[in-house]
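*Asks:* First, the structure itself, so that you have it in front of you.
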Amino acid sequence: MASLKASTPFSSENSTNDGPVLTLISKRLRALRKKLNRISKMEESLSQGKTLNKEQEETLRSKPSVIAAIDELEKLRQPLSQAVDHEIQLTVDKHNKQKSETLTEDTSSVISDLLGLLYFGSMFDMATLMTARCNMLTRTHERNCCLTYDYVDDDYSSKLLEECDLDLIATMGGLLTSRPLNSCLSHKNSLQKCVEHAKLWLANSDLPIEPNSSTTYASLRELLNKIMASEYFITSPEIRAPVDLAEPVGNYNLFHAPLLHRSSLPPTHLHIPIEGSSASLTKRSNDNGDSSDFDPLASAAGLYTF
Numbered sequence: 608m609a610s611l612k613a614s615t616p617f618s619s620e621n622s623t624n625d626g627p628v629l630t631l632i633s634k635r636l637r638a639l640r641k642k643l644n645r646i647s648k649m650e651e652s653l654s655q656g657k658t659l660n661k662e663q664e665e666t667l668r669s670k671p672s673v674i675a676a677i678d679e680l681e682k683l684r685q686p687l688s689q690a691v692d693h694e695i696q697l698t699v700d701k702h703n704k705q706k707s708e709t710l711t712e713d714t715s716s717v718i719s720d721l722l723g724l725l726y727f728g729s730m731f732d733m734a735t736l737m738t739a740r741c742n743m744l745t746r747t748h749e750r751n752c753c754l755t756y757d758y759v760d761d762d763y764s765s766k767l768l769e770e771c772d773l774d775l776i777a778t779m780g781g782l783l784t785s786r787p788l789n790s791c792l793s794h795k796n797s798l799q800k801c802v803e804h805a806k807l808w809l810a811n812s813d814l815p816i817e818p819n820s821s822t823t824y825a826s827l828r829e830l831l832n833k834i835m836a837s838e839y840f841i842t843s844p845e846i847r848a849p850v851d852l853a854e855p856v857g858n859y860n861l862f863h864a865p866l867l868h869r870s871s872l873p874p875t876h877l878h879i880p881i882e883g884s885s886a887s888l889t890k891r892s893n894d895n896g897d898s899s900d901f902d903p904l905a906s907a908a909g910l911y912t913f
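Whatever position you read off the sequence shown (first residue = 1), add 607 for my numbering.
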């Protein structure tokens, strides 16, 4: 009897960690082993010359089937445990998938809600148009400062920002908050396009922003990250009157603001010089053959100080 108990691989401690299926198997094994122990006692009584009643004789004759049942259950326990674990994993995966889908729907709802405000806020904004000259001076000055801070950065291994890079960022902003000019889309469909752009932007997608553009969401995000990692991003501006901005910014008679609501993005290799910008200043200094006249810090004068 001692040997039978010692050979039992599944104790009550193991069964406490099992699920309901394996616990049932363990209980059945314990019942069969108890029956086998009783049969062993009956065999011991017979060897001592004692007699058995009819019920005990029936139990004794069931010994082969009891041993076979114990052996079968022990063989089934391991694969059954694996099957239960697999079923549990499938249930967990299904739950996680449903949770992820719910989270995606919630995120999409939040994006749509926020972009709805930005979309119609931009559309109904009249104050910006009424102060167009002031906005033009301020935004051009911001572009100059951004390019200048990138120009004087100590990291010479990265490619310098250009005017067309800022155009791309502005265009992307327009795609997120406005309907393209000459578009036949309803506001509902146009806002849905804005939401799709926002989702791809948040996913850092490698897809092109527009079908005929080589610029991807991921590459444009790198440009924006570069700007936000520069000193330009953390420098506090000096508040100045718009009339004082005209001198450092330059002459705007020939200035054309970049279109923010184009139906397609400009190719990344195009460079559209803007008068008064650091890029055009660099070009003029190179054309004159004298780079000493160009001070890269000069274009940052006004709103920003080093």
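Positions of the beta carbon are idealized from the N, C-alpha and C atoms, including for glycine.
Thinking C-alpha only, which one of Y758, D813, S821 is nearest E838?
*Replies:* Taking only the C-alpha atoms, the option nearest E838 is Y758.
*Asks:* Would you decide whether M779 is buried or exposed? Buried here means 16 or more other CB atoms lie within 10 Å of its CB.
*Replies:* Counting Cβ neighbours within 10 Å, M779 comes out buried, since at least 16 surround it.
*Asks:* According to DSSP, simplified to helix, strand and coil, what is T714?
*Replies:* Looking at T714 - three-state DSSP - the assignment turns out to be helix.
*Asks:* Sort P818, L831, Q799 by Cα distance to N811 and report the nearest one.
*Replies:* Out of P818, L831, Q799, L831 has the C-alpha closest to the C-alpha of N811.
*Asks:* Which of helix, strand or coil does DSSP assign to T823?
*Replies:* In this structure, T823 counts as strand in the three-state DSSP scheme.
*Asks:* Just verifying my parser: in three-state terms, what is the DSSP assignment at P815?
*Replies:* Three-state result, P815: strand.
*Asks:* Give me the residue from S688, R740, S843 with the minimum Cα distance to T630.
*Replies:* The shortest Cα separation from T630 among S688, R740, S843 belongs to S688.
*Asks:* From L773 to V717, what does the alpha carbon distance come to, in whole angstroms?
*Replies:* Rounded to whole angstroms, L773 to V717 spans 28 Å at the Cα level.
*Asks:* Grab me the residues of A805's own chain with a C-beta within less than 8 Å of its C-beta, minus the 5 sequence neighbours each way, in chain order.
*Replies:* Answer for A805: I718, L722, L783, listed in chain order.
*Asks:* Closer than 8 Å is the cut-off here; do at least three beta carbon pairs connect the region 808–826 with the region 724–736?
*Replies:* Touching, no.
*Asks:* To the nearest angstrom, report how far apart K670 and N644 are at their CA atoms.
*Replies:* Approximately 10 Å between the Cα atoms of the pair.
*Asks:* Hey, K673 and L639: beta-carbon distance below 7 Å or not?
*Replies:* Going by the sequence as given, residue 673 is Val instead of Lys. Against a cut-off of 7 Å, the Cβ pair of L639 and V673 comes out as a contact.
*Asks:* Mind checking if A739 is an interface residue toward chain D, Cβ cutoff 7 Å exclusive?
*Replies:* The structure shown contains no chain D; it is built from a single protein chain.
*Asks:* Hey, could you find the ends of the alpha helix (DSSP H) L629 is sitting in?
*Replies:* Note, L629: alpha helix (DSSP H), 627–654.
*Asks:* Under DSSP, the alpha helix (DSSP H) around L806 begins and ends at which residues?
*Replies:* Going by the sequence as given, residue 806 is Lys instead of Leu. That run of the alpha helix (DSSP H) goes 794–809.
*Asks:* Where P627 and N703 are concerned, what is the direct C-alpha to C-alpha distance, given to the nearest angstrom?
*Replies:* So the alpha carbons of these two residues sit roughly 23 Å apart.
*Asks:* Note down the Cα distance separating E769 from L744, rounded to an integer number of angstroms.
*Replies:* Their Cα atoms are separated by approximately 19 Å.
*Asks:* Under the assumption that V802 contacts S715 (Cβ atoms under 8 Å), give the Cβ distance between them as a whole number of angstroms.
*Replies:* Confirmed, about 7 Å.
*Asks:* Could you say which of I841, W808, K800 lies nearest to E829 if we only look at CA atoms?
*Replies:* Closest by alpha carbon: W808.
*Asks:* Assuming the contact rule is C-beta atoms closer than 8 Å, L827 and I816 should be a hit. Round their C-beta distance to whole Å, please.
*Replies:* With a Cβ gap of about 7 Å, L827 and I816 count as contacting.
*Asks:* Do you know how far the Cα of K642 is from the Cα of E681?
*Replies:* Between E681 and K642, the C-alpha separation is close to 16 Å.
*Asks:* Could you tell me the distance, in whole angstroms, from the CA atom of E708 to the CA atom of K701?
*Replies:* About 11 Å.
*Asks:* Would you call L656 buried or exposed, if buried means 16 or more other Cβ atoms sit within 10 Å of its Cβ?
*Replies:* Note on residue identity: the sequence assigns Gly, not Leu, to residue 656. Exposed: under 16 other Cβ atoms inside 10 Å.
*Asks:* Just to confirm the assignment: which complete alpha helix (DSSP H) runs, minimum length 4, are found wholly within the region 714–772?
*Replies:* You should have 734–737, 739–758.
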